[in-house]
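Residues 1 to 281 in this note's numbering are what the sequence shown spells out, letter by letter. Where a beta carbon is used, it is the ideal one built from N, C-alpha and C, also for glycine. Quantities reported herein were computed from a predicted structural model and do not represent experimental measurements. Have a look at the structure below before the remarks.
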Amino acid sequence: MVLGKIEIEGCQIAYTEAGSDSNPPVLLLHGITSHRGVWSRTLVRLQQDFHCIAIDHLGFGDSDKPKDADYSIQKQAERALKVADHFGFDRFILIGHSMGGQIATYLAASFMPQRVSKLVSMDGVVTGKLSDVVQKVKRLLIVVGQYIPSLLQLMRILCRSKTFACWVFDHWFYKPEELPFADWEIDRRYAMNPNIIHSTIKAWESLNATNLTPILKNIAAPTLVIFGKQDGTVPVKQAHLFKEQLSSAQLVLIDQCGHFPMYEKFDEYFASLQKFLTQGV
1 MVLGKIEIEG CQIAYTEAGS DSNPPVLLLH GITSHRGVWS RTLVRLQQDF
51 HCIAIDHLGF GDSDKPKDAD YSIQKQAERA LKVADHFGFD RFILIGHSMG
101 GQIATYLAAS FMPQRVSKLV SMDGVVTGKL SDVVQKVKRL LIVVGQYIPS
151 LLQLMRILCR SKTFACWVFD HWFYKPEELP FADWEIDRRY AMNPNIIHST
201 IKAWESLNAT NLTPILKNIA APTLVIFGKQ DGTVPVKQAH LFKEQLSSAQ
251 LVLIDQCGHF PMYEKFDEYF ASLQKFLTQG V
């Protein structure tokens, strides 16, 4: 795998590349407050048969974080497409998680549907509404990050404690205490990075204001929706909206799994993903 950065709209976008460029192209998009590292195990498995690019959205991970940038769902979709152009992806498989699923769905349903050969939305946002718990966490982090940054730094330090971290991020996982603590250490650091407060606030505003339900029926690409049955971040009823609006969509619900199937139930998640990606190939 290759780690690198490319310039998009005058800013540096971090990416991880895996697999031969002679293989079918795949673009992977992470969620809000997250980073491209969530796809690490997925890339290891996909690189045998696919050419994968996982990016850090502008404002997150290791990409630039300009204060005055547009962090809307629509603008992030434009940047993702420019990344695809940079790597010579004409038509490509698009995989998105959480906010990344919302961005991917917007691309496939409205912005540039002819470029998407297959769509995978994993615990993806559809209506723009997150769980009540997450909305409260959002308000807390915004207030703390904007007005009491020293408290955010303290919380970041306290999250080195498994007990405290499992309490703060309880909405992420079905049973966070049962996951190896080290496996999601970098996720905690990225999520509580004070340098992403401005981008998170703007992204959250756009996420909440973007309801994709009316345009789901416009998706022409074969579509797979994967959701943890016990997702505490995105209400699982949003997964069913795909089936209601797009009858051809395949829906996989994973039991005893929260918002991160790639961490909590990797084998089950990847088996469904691999089966879908190799259909018709």
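#1: Counting C-beta neighbours from all protein chains within 10 Å, is the total for K118 16 or more, i.e. buried, or is it exposed?
#2: Should L207 and M99 be called a contact, given that it needs their Cβ atoms to be closer than 8 Å?
#3: Assuming D132 and F227 form a contact by the criterion Cβ under 8 Å, report the distance between their Cβ atoms to the nearest whole angstrom.
#4: Can you find the residues in the same chain that come closer than 8 Å, C-beta to C-beta, to I196, ignoring five residues on each side of it along the sequence?
#5: Do L277 and F242 count as a contact pair if the criterion is CB distance below 8 Å?
#6: Since T16 sits in a beta bridge, which residues does DSSP pair it with?
#7: Could you give the first and the last residue of the continuous beta strand (DSSP E) run that contains P25?
#8: Under the rule that 16 or more other beta-carbon atoms within 10 Å means buried, what is N211, buried or exposed?
#9: The alpha helix (DSSP H) spanning I186 covers which residue range?
#10: Of the residues A80, K202, K162, which one's Cα is nearest the Cα of K70?
#11: Name the residue from D90, C257, D62 whose alpha carbon lies nearest to the alpha carbon of L116.
#12: Using 8 Å as the threshold, is the C-beta distance between V225 and A249 below it?
#13: Between which two residues does the beta strand (DSSP E) carrying Q250 extend?
#14: Among the residues of its own chain, which have a CB less than 7 Å from the CB of C159, if the five just before and after it don't count?
#15: Specify whether the stretch 250-265 and the stretch 169-184 touch according to this definition: at least 3 beta carbon pairs, one from each stretch, less than 8 Å apart.
#16: So, is Y147 buried or exposed, given that buried needs 16 or more other C-beta atoms within 10 angstroms?
#17: Check for me: the alpha helix (DSSP H) holding S117 runs from which residue to which?
#18: Would you kindly report the start and end of the unbroken beta strand (DSSP E) that includes H339?
#19: How would you label Q153, buried or exposed, when you count the other beta carbons within 10 angstroms and need 16 or more for buried?
#20: Any chance you could list the beta strand (DSSP E) runs of at least 3 consecutive residues sitting entirely within the stretch 61-127, in chain order?
#21: Going by other Cβ atoms of all chains shown within 10 Å of its Cβ, with 16 needed for buried, is I55 buried or exposed?
According to the structure shown:
#1: In the sequence shown, residue 118 corresponds to position 118, counting from 1. So K118 counts as buried.
#2: Position 207 of the sequence shown, counting from 1, holds the residue named residue 207. Position 99 of the sequence shown, counting from 1, holds the residue named residue 99. Taking 8 Å as the Cβ cut-off, L207 and M99 qualify as a contacting pair.
#3: For the purposes of this step, residue 132 is identified with residue 132 of the sequence shown, where counting begins at 1. For the purposes of this step, residue 227 is identified with residue 227 of the sequence shown, where counting begins at 1. The beta-carbon separation of D132 and F227, rounded to 18 Å, does not stay under the 8 Å limit for a contact.
#4: As a working note, residue 196 is residue 196 in the sequence shown. Here the set comprises T33, G59, F60, K65, Y190.
#5: As a first step, residue 242 is located in the sequence shown; it is residue number 242 there, counting from the start. As a first step, residue 277 is located in the sequence shown; it is residue number 277 there, counting from the start. In terms of Cβ geometry, F242 and L277 do not form a close pair [threshold 8 Å].
#6: Reading the sequence shown from its first residue, position 16 is the one you call residue 16. Per DSSP, the beta-bridge partners of T16 are L3, A54.
#7: Numbered from its first residue, the sequence shown carries residue 25 at position 25. According to the DSSP assignment, P25 belongs to the beta strand (DSSP E) that extends over 25-29.
#8: Mapped onto the sequence shown, residue 211 falls at position 211. Around the beta carbon of N211, fewer than 16 other beta carbons sit within 10 angstroms, so the residue counts as exposed.
#9: As a working note, residue 186 is residue 186 in the sequence shown. That run of the alpha helix (DSSP H) goes 185-191.
#10: Counting from one through the sequence shown, the residue named residue 70 turns up at place 70. Correcting the residue identity first, residue 70 is Asp in this sequence and not Lys. Closest option to D70, Cα to Cα, is K202.
#11: Here residue 116 refers to the residue found at position 116 when the sequence shown is read from its first residue. The amino acid occupying residue 116 in the given sequence is Val; Leu does not appear at that position. Cα-wise, what sits closest to V116 is D90.
#12: Taking the sequence shown and counting its residues from 1, the one referred to as residue 225 is at position 225. Taking the sequence shown and counting its residues from 1, the one referred to as residue 249 is at position 249. Yes, the pair counts as a contact, with Cβ atoms nearer than the cut-off.
#13: If you number the sequence shown from 1, residue 250 lands on position 250. Per DSSP, Q250 belongs to the beta strand (DSSP E) from 250-254.
#14: As a position in the sequence shown, residue 159 is number 159, starting the count at 1. Hits under 7 Å: A165, V168, R188, M192.
#15: Taking a cut-off of 8 Å for Cβ pairs, the stretch 250-265 and the stretch 169-184 touch, as three or more such pairs fall below it.
#16: Your numbering for residue 147 matches position 147 in the sequence shown. Exposed, by the Cβ-count rule.
#17: As a working mapping, residue 117 is identified with position 117 in the sequence shown. S117 -> not in any alpha helix (DSSP H); beta strand (DSSP E) instead, spanning 116-122.
#18: Here the chain comprises residues numbered 1 to 281, so residue 339 is not present and cannot be evaluated.
#19: The residue labelled residue 153 in the question sits at position 153 within the sequence shown. Counting the other Cβ atoms within 10 Å of the Cβ of Q153 gives fewer than 16, which makes it exposed.
#20: Correct list: 92-97, 116-122.
#21: Indexing the sequence shown from 1 puts residue 55 at position 55. By the Cβ neighbour-count rule, I55 is buried, with 16 or more other Cβ atoms within 10 Å of its own.
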